[in-house]
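Asker:
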Amino acid sequence: MRVLLRVLAPLVSLAVAALGVLLVVEVVAAWTSPGSGAGLLVPWRDWRTTGETVLWTAPPVLWIAIVAVVAGVVLLAVGLLARRHDIALTSPSPGLTVATAPRVLARLVGSRVRALDPVTAASVTASGRSVVVRARGRGEPDGLRDGARTAAAGVLDALPLARRPRVTVRATPEQPGTSKGVH
Amino acid sequence: MAADTTPVETGSGGPQPSDDPRPPTPSNPRRAARAARKAQYRSAGGARWGLTLLGFVLLAAGVLTILLVSGVFGQQRPQRPVLDPMIQQFLVANATATRLVAIAVGVLLLVLGLLWAARSLRPEGHPDLVLDGGTGTEIRIDASAAADAVADGASSLPGVTRARARMVGSAAAPAVRATVWIDEDVADDEVAEICRRLDAEVLAQVRDSLGLADLPVAVRLELDSAPRSGPRVA
Numbered sequence: 001m002r003v004l005l006r007v008l009a010p011l012v013s014l015a016v017a018a019l020g021v022l023l024v025v026e027v028v029a030a031w032t033s034p035g036s037g038a039g040l041l042v043p044w045r046d047w048r049t050t051g052e053t054v055l056w057t058a059p060p061v062l063w064i065a066i067v068a069v070v071a072g073v074v075l076l077a078v079g080l081l082a083r084r085h086d087i088a089l090t091s092p093s094p095g096l097t098v099a100t101a102p103r104v105l106a107r108l109v110g111s112r113v114r115a116l117d118p119v120t121a122a123s124v125t126a127s128g129r130s131v132v133v134r135a136r137g138r139g140e141p142d143g144l145r146d147g148a149r150t151a152a153a154g155v156l157d158a159l160p161l162a163r164r165p166r167v168t169v170r171a172t173p174e175q176p177g178t179s180k181g182v183h
Numbered sequence: 001m002a003a004d005t006t007p008v009e010t011g012s013g014g015p016q017p018s019d020d021p022r023p024p025t026p027s028n029p030r031r032a033a034r035a036a037r038k039a040q041y042r043s044a045g046g047a048r049w050g051l052t053l054l055g056f057v058l059l060a061a062g063v064l065t066i067l068l069v070s071g072v073f074g075q076q077r078p079q080r081p082v083l084d085p086m087i088q089q090f091l092v093a094n095a096t097a098t099r100l101v102a103i104a105v106g107v108l109l110l111v112l113g114l115l116w117a118a119r120s121l122r123p124e125g126h127p128d129l130v131l132d133g134g135t136g137t138e139i140r141i142d143a144s145a146a147a148d149a150v151a152d153g154a155s156s157l158p159g160v161t162r163a164r165a166r167m168v169g170s171a172a173a174p175a176v177r178a179t180v181w182i183d184e185d186v187a188d189d190e191v192a193e194i195c196r197r198l199d200a201e202v203l204a205q206v207r208d209s210l211g212l213a214d215l216p217v218a219v220r221l222e223l224d225s226a227p228r229s230g231p232r233v234a
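Chain order of the listed sequences is V and X. Counting in full-length UniProt numbering, the first sequence tops out at residue 183, every number present. Counting in full-length UniProt numbering, the second sequence tops out at residue 234, every number present.
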């Protein structure tokens with residue numbers, strides 16, 4: 001989203017500026033020499049004729065409206081979602097801020113969970129609000145889950161996080177079926 | 001400019017506690033906190049606001065058109081031309097006012113668009129530090145030299161593998177943005193200690209030597225993926 005924002009912002013800003021130039025040029029041209037041609041830079045008199053004849057019920061009007069809605073939703077999404085997702089750490093003094101990326105937190109939690117003996121594989125998704133651990137390993141899923149939760153909570157407690165994320169652990173046994181106790 | 005530094009092997013290059021037992025205290029903690037937050041990254045607030053506003057206008061126009069076409073504003077309304085004769089008559093009756101408003105809107109769009117484009121395309125400034133050296137004297141510290149002082153101090157802390165820093169903001173309100181890579185094997189509770197020593201030793205010394213007690217600093221912690229000598233799983 002940040003990349004999209006950086007690409008879109010200059011393009012949209014220049015389009016807005018170009019629209020302003022066209023508006024000023026056409027209005028001044030029409031004011032100084034009324035009724036000359038279809039327009040100086042854009043044929044706005046043709047557009048006006050079209051606007052006078054086309055009814056609201058015409059299919060192109062609806063299609064243009066739908067395109068505007070879609071473009072509006074895309075721009076809104078980019079504008080609202082392209083924020084930083086950094087995780088704030090408590091700083092020792094007001095003149096210093098300490099932050100880190102969610103990726104760093106996920107790596108720290110992941111390395112501690114993988115260090116557990118029964119865990120054979122683990123993946124971690126972290127954000128400022130929640131940390132989701134998916135652990136795969138040997139033994140009972142409950143024990144695995146508790147171990148992974150303790151390890152993840154230990155990391156979060158030790159780090160000076162400004163806000164402690166919620167921990168969710170999903171444990172899956174290494175070989176499904178063997179630990180169910182069927183026999 | 002950015003400066004990558006390598007860890008200092010001996011402790012001699014490390015930050016020494018200042019002789020002055022009192023750390024330089026910022027005159028206004030709230031303003032210092034705001035300045036430090038602002039230094040974290042280059043603000044994209046203007047671009048986000050612009051896109052959000054434009055998106056909202058497009059969305060509103062599209063939705064209103066669809067509502068009009070579907071007859072919400074009256075069953076007869078969709079049967080009229082897009083450029084309604086009623087509106088056209090009003091515009092022709094107030095021709096001068098319409099033209100002036102159109103020109104004003106055009107100029108406004110042009111100015112806003114150009115300001116926005118300039119803001120989004122302009123590279124971020126890295127101001128030199130200007131210290132007051134007395135009457136008629138101006139001490140100018142190169143932006144990279146001042147930032148390197150922070151980076152060098154940070155990278156000499158135990159648990160920190162390397163650090164990079166740069167001056168951001170303006171010459172009137174400079175700030176430091178630093179990225180500190182910590183060792184992947186560092187204990188989790190050492191991170192708080194690194195932050196504490198960074199503030200109490202490194203930044204205190206840099207602020208003291210530059211004479212800028214208020215210098216805001218934004219630190220970003222990263223994990224260093226150092227090449228491992230042994231197998232990952234024992």
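Cβ coordinates follow ideal geometry from the N, Cα and C atoms, glycine included. Please read all numbers here as calculations on a predicted model, not as lab measurements.
What does residue 139/X reach in chain V if we use C-beta pairs closer than 7 Å?
Answerer: Those within 7 Å of residue 139/X in chain V number zero; the least Cβ separation is about 22 Å.
Asker: Does the beta-carbon of residue 117/V have 16 or more other beta-carbons within 10 angstroms, so that it is buried, or is it exposed?
Answerer: exposed
Asker: Quick check on DSSP: helix, strand or coil for residue 128/X?
Answerer: coil
Asker: Please report the distance separating the alpha-carbon of residue 102/X from that of residue 2/V.
Answerer: In a straight line, the C-alpha of residue 102/X is about 34 Å away from that of residue 2/V.
Asker: Would you mind working out which of 115/V, 46/V, 41/V and 167/V sits nearest residue 18/V, comparing C-alpha positions?
Answerer: It is 41/V.
Asker: Going by CA-CA distance only, name the one from 93/X, 92/X, 91/X and 69/X that's closest to residue 82/X.
Answerer: 69/X
Asker: Among the candidates 157/X, 78/X and 115/X, whose CA atom is the shortest distance from the CA of residue 62/V?
Answerer: 78/X
Asker: Out of 191/X, 107/X and 73/X, which one is the CA nearest neighbour of residue 223/X?
Answerer: Ranked by how close their Cα comes to the Cα of residue 223/X, the residues 191/X, 107/X and 73/X have 191/X in first place.
Asker: Say whether chain X places a C-beta atom closer than 7 Å to the C-beta of residue 147/V.
Answerer: no
Asker: Of the choices 61/X, 210/X and 51/X, whose alpha-carbon is the least far from that of residue 142/X?
Answerer: 210/X
Asker: Restricting to runs no shorter than 4 residues, where is the alpha helix (DSSP H) found entirely within the segment 42 to 129 of chain X?
Answerer: 45 to 69, 85 to 93 and 95 to 121
Asker: Is it a yes or a no for the segment 178 to 185 of chain X touching the segment 40 to 60 of chain V, going by three-plus beta-carbon pairs under 8 Å?
Answerer: no
Asker: Using the beta-carbon of each residue, which ones in chain X are nearer than 9 Å to residue 20/V?
Answerer: Taking a Cβ-Cβ cut-off of 9 Å, the neighbours of residue 20/V in chain X comprise 105, 106, 107, 108, 109, 110, 111, 112, 113 and 114, given in sequence order.
Asker: If we define contact as Cβ-Cβ less than 7 Å, is residue 136/V a contact residue for chain X?
Answerer: no
Asker: With distances taken Cα to Cα, identify the nearest neighbour of residue 110/X among 52/V, 15/V and 114/V.
Answerer: 15/V
Asker: Taking 7 Å as the threshold (beta carbon to beta carbon), is residue 37/V in contact with chain X?
Answerer: no
Asker: Taking contact to mean at least 3 C-beta pairs separated by less than 8 Å, is the segment 159 to 168 of chain V in contact with the segment 123 to 130 of chain V?
Answerer: yes
Asker: Of the residues that make up the segment 44 to 58 of chain V, which ones have a beta carbon closer than 7 Å to any beta carbon in chain A?
Answerer: The question asks about chain A, but that chain is absent: this structure's protein chains are V and X.
Asker: Using alpha carbons as the reference points, say which of 131/V, 80/V and 144/V lies closest to residue 105/V.
Answerer: 131/V
Asker: Could you have a look at residue 196/X and say whether DSSP puts it in helix, strand or coil?
Answerer: helix
Asker: Going by DSSP, which residues form a beta bridge with residue 167/X?
Answerer: Note: residue 167/X sits in a beta bridge opposite 176/X.
Asker: At a Cβ threshold of 7 Å, is residue 42/X touching chain V?
Answerer: No, its Cβ sits nowhere closer than 7 Å to a Cβ of chain V.
Asker: Over the uninterrupted alpha helix (DSSP H) stretch that includes residue 141/V, give me the two end residues.
Answerer: Start and end: 141 to 158.
Asker: My parser needs the beta strand (DSSP E) runs of 3 or more residues fully inside the segment 48 to 116 of chain V; what are they?
Answerer: 87 to 89 and 96 to 100
Asker: For a test of the three-state rule: what should DSSP assign to residue 23/X, helix, strand or coil?
Answerer: Annotation note: pLDDT 47 at residue 23/X (below 50); position unreliable, coordinate value reported separately. Three-state DSSP puts residue 23/X in coil, outside helix and strand.
Asker: Tell me the DSSP secondary structure of residue 161/V in three-state form.
Answerer: Secondary structure of residue 161/V (DSSP, three-state): strand.
Asker: Whose C-beta lies closer than 8 Å to the C-beta of residue 120/V among residues of the same chain, with five residues either side of it excluded?
Answerer: 136, 137, 138 and 174
Asker: Against residue 72/V, what residues of chain X qualify as contacts under a CB-to-CB distance less than 9 Å, listed in chain order?
Answerer: 54, 55, 56, 57, 58, 59, 60, 61, 62 and 63
Asker: Against chain V, which members of the segment 77 to 102 of chain X pass a CB distance test of less than 8 Å?
Answerer: 77, 78, 79, 80, 81, 82, 83, 85, 88, 99 and 102
Asker: At which residues does the alpha helix (DSSP H) containing residue 152/X begin and terminate?
Answerer: 143 to 155
Asker: What in chain X is Cβ-close to residue 62/V, meaning under 8 Å?
Answerer: 65, 66 and 69
Asker: Short check: CB of residue 112/V to CB of residue 151/V, under 7 Å?
Answerer: yes
Asker: Short check: CB of residue 113/X to CB of residue 72/V, under 7 Å?
Answerer: no
Asker: Please list, in chain order, all residues of the same chain as residue 93/V whose beta carbon is under 7 Å from its beta carbon, the five residues on each side excluded.
Answerer: none
Asker: Note down the Cα distance separating residue 35/V from residue 174/X, rounded to an integer number of angstroms.
Answerer: Cα to Cα, residue 35/V sits roughly 57 Å from residue 174/X.
Asker: Taking just the CA atoms, how far does residue 130/X sit from residue 213/X?
Answerer: 14 Å
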